[in-house]
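209 is the number of the first residue of the sequence shown in this note's numbering; add one for each residue after it.
To keep things clear, I will list the structure first and then write my remarks on it.
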Amino acid sequence: MVKIRKSTKSHVSASLKDLEKKGLVERIQSADNKKHIEINLLSKAEPIVEAGLKAQRQFAKNVLRGLSEEEKTVCISVFQKICNNANEFLKKEKEREV
């Protein structure tokens, strides 16, 4: 989560603790590796996740409104390339810090 969300370990830990208190997630420690923790969504989180996905779909629909299918495909492809470039740049910057 730290790598994907570009957040600090302490922030992720505090956020997970808050989500656990609210009954939205549970942490399960791996029997094989004490450092590996699985995070499972609980049923109480399902409506929140669905609302988030619905908002994302509506946002995509709004920003792509008026574009042809071909234009949408090109737009999505270009955006994916931009995101990949940004991720590669951030990865290289992180490696330079070490």
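Glycine is no exception: its CB is placed at the ideal position from the N, C-alpha and C atoms.
On a predicted model such as this, the values are computed, not experimentally measured, just so you know.
- L232 is a Cβ neighbour of L250, given a cutoff of 8 angstroms.
- In the three-state reduction of the DSSP assignment, L249 falls in the strand class, which pools E and B.
- Inter-residue distance for N270 and K242 is about 44 angstroms (C-alpha atoms, whole angstroms).
- Residue state for R273 is assigned as coil, using DSSP reduced to three classes.
- Within the same chain, Cβ atoms closer than 6 angstroms to the Cβ of L272 are found at K280, the five residues on either side in sequence being excluded.
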